[in-house]
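If you're matching positions, the sequence shown starts at 1307 in our numbering and goes up one per residue.
We put the CB at the ideal spot given by N, CA and C, even for glycine.
As the structure is a prediction and not an experimental result, all values here were calculated from the model.
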Amino acid sequence: MMGSWKKTILIGVGGLAVVIVALVIAVYLLVTPERIKGWALPVLEENLHRQVTLGDVEIGLFSGITLNDLQIRALDGEHHLVAVESLLLSYQFKPLLQGRLVIDEVRLTAPQVRLVQFADGRLSIDDLLSSSAEEKVVAPAEEPVESDDAAGIDLLVSRVVLENGTIEFLNQSEGAPDLILSAIDLLVRDITLDGSIPFTLDVRFAQTDFRFDGEFAPSTSQGRVNLSVERLDLNTVLAHFAPESALETTESSESEQTGSDPEPVEPGPVDIPVQIAGAVQIGELLYEDLVVSAMRADYRLQDNHFNLDLLKGQVAGGGFEVRSAVDLNKPGFAY
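So this is what it looks like as structure tokens:
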């Protein structure tokens, strides 16, 4: 009897070993570095019209596919537009055995985006933003080679994770400040074109940590976005956009040239084709010598009407409540 049990266990272990070996063989036969590069690089270069380079490709039975040192070059070829330290694609085993690649998660580590606004106002991605194919500037690149290995690959992504990202917006106009967002962490779940997509986003700007969370439905352009900040020093944030010395120099120069203050430019109207609602919570807000605590604002943006349903907070030992509405359809906006 004991011998029978031992024999059964040995058969089970042997069968499991055969399955594991078969899975390993399937992974390395169906998902090879050459197959990944042969599919990904031509597709990216064809759609982005930029040179795309890729370092090592690692394929693990349990970890998935890791693309290292992925770079999308700028049109000048000297700088990167996007650089990613590593890109992990976690796949399912069963579809893999059927020759299909189904991605459960996309994880980007230390992605960097570099955008430039030139002195004449052009952006380094104007060709990508253009809706006209004739306006696109095509960088020299080799003709994409179609490969049989690239056929039949299905991409189904249910989760996107971005860790420790950086966005640089560099302005080449004289006196214009650069904008740098760092420590960017993003989580997007249950990605679908038909329903709402929940997300959380953490970002640091001007020594301040911001957290966004909510959801957005691409099919209806409707969503909810909340913002929370523990401590917001507006003096630091505003100084980043308009340094006092530069502001004084500009005002002095304009007064000398015209002899009077320049006429303000009337804003609007603007068209914002989304419907967004949510809340903004700030633990402590500083502006000049004023300190506001426990600040909360509930807002709605719909049909180009911005409604501040409630703005409240504590200041100087008391409290305040404010409500307002802005019509963004009219020049100068109507309050």
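Which residues DSSP lists as bridging Thr1415, in chain order: Residue mapping note: residue 1415 aligns to position 109 of the sequence shown, counting from 1. In the DSSP output, where bridge partners are listed per residue, Thr1415 has Ser1392 and Glu1469.
Asp1410 (DSSP reduced to helix, strand or coil): To locate residue 1410, count along the sequence shown from 1; it is residue 104. Taken through DSSP and simplified to helix, strand or coil, Asp1410 comes out as strand.
Reference Pro1579, options Asn1610, Gly1589 and Asp1595, closest by Cα: Reading the sequence shown from its first residue, position 273 is the one you call residue 1579. Closest by alpha carbon: Asn1610.
Residue range of the beta strand (DSSP E) that includes Pro1504: Walking along the sequence shown from the start, residue 1504 turns up at place 198. Run containing Pro1504: Ile1503 to Phe1511, per the beta strand (DSSP E) assignment.
Cβ distance (whole Å) where Ile1365 is taken to contact Pro1348 below 8 Å: Locating residue 1365 in the sequence shown gives position 59, where the first residue counts as 1. Locating residue 1348 in the sequence shown gives position 42, where the first residue counts as 1. In fact, because the Cβ distance is near 19 Å, the residues do not count as touching under 8 Å.
Pairwise C-alpha distance: Asp1484 and Leu1373: Counting from 1 along the sequence shown, the entry for residue 1373 is found at position 67. Counting from 1 along the sequence shown, the entry for residue 1484 is found at position 178. Annotation: Leu1373 to Asp1484 spans about 30 Å, alpha carbon to alpha carbon.
Contacting residues, own chain, Cβ-Cβ under 6 Å from Phe1475 (five flanking each side not counted): Taking the first residue of the sequence shown as 1, we reach residue 1475 at position 169. Closer than 6 Å at the Cβ level, and outside the excluded window around Phe1475, lie Leu1421 and Leu1485.
7 Å CB neighbourhood of Phe1626 in its chain, flanking five on each side removed: For this step, residue 1626 is matched to residue 320 along the sequence shown. Answer for Phe1626: Lys1618 and Gly1619, listed in chain order.
Per-residue burial, Leu1468 [other beta carbons within 10 Å of its own, 16 or more giving buried]: Within the sequence shown, numbered from 1, the residue matching residue 1468 stands at position 162. Classification for Leu1468: buried.
Whole-number beta carbon distance between Ile1503 and Ile1490, since they are thought to touch under 8 Å: Mapped onto the sequence shown, residue 1490 falls at position 184. Mapped onto the sequence shown, residue 1503 falls at position 197. In this structure Ile1490 is not in contact with Ile1503, their Cβ atoms being roughly 18 Å apart against a cut-off of 8 Å.
Classification of Ala1346 by the beta-carbon crowding that lies within 10 angstroms, buried from 16 upward: One-based indexing of the sequence shown puts residue 1346 at position 40. With 16 or more other Cβ atoms from the protein chains shown falling within 10 Å of its own Cβ, Ala1346 counts as buried.
Where Asp1382 falls, given that 16 or more other Cβ within 10 Å makes a residue buried: The sequence position of residue 1382 within the sequence shown is 76, counting from 1. Per the 10 Å Cβ criterion, exposed.
Status (buried if at least 16 other CB within 10 Å, exposed otherwise) for Lys1400: For the purposes of this step, residue 1400 is taken as residue 94 along the sequence shown, with counting starting at 1. Result: exposed.
Residue span of the alpha helix (DSSP H) that contains His1546, given as start and end: Numbered from 1 along the sequence shown, position 240 holds the residue referred to as residue 1546. Where His1546 is concerned, the enclosing alpha helix (DSSP H) stretches over Leu1540 to Phe1547.
7 Å Cβ shell around Asp1410 - same chain, five flanking residues per side excluded: Locating residue 1410 in the sequence shown gives position 104, where the first residue counts as 1. Taken in chain order, the residues that qualify are Ser1396, Tyr1397, Gln1398, Ser1464 and Arg1465.
Cβ shell of Arg1606 (< 6 Å), same chain only, five flanking positions each side left out: Position 300 of the sequence shown, counted from the start, is the residue given in the question as residue 1606. In the same chain as Arg1606, and ignoring 5 residues on each side of it, the C-beta atoms closer than 6 Å to its own belong to Ala1583 and Asn1613, in chain order.
Proximity to Tyr1593 [Cα-Cα], best of Val1621, Asp1633, Thr1415 and Leu1387: Taking the sequence shown and counting its residues from 1, one reaches residue 1593 at position 287. Minimum Cα distance to Tyr1593 is reached at Val1621.
Phe1547 versus Ile1342: straight-line alpha-carbon distance, rounded: Position 241 of the sequence shown, counted from the first residue, corresponds to residue 1547. Position 36 of the sequence shown, counted from the first residue, corresponds to residue 1342. Approximately 43 Å between the Cα atoms of the pair.
Limits of the unbroken alpha helix (DSSP H) element including Arg1341: Indexing the sequence shown from 1 puts residue 1341 at position 35. From DSSP, the alpha helix (DSSP H) with Arg1341 extends over Pro1339 to Leu1354.
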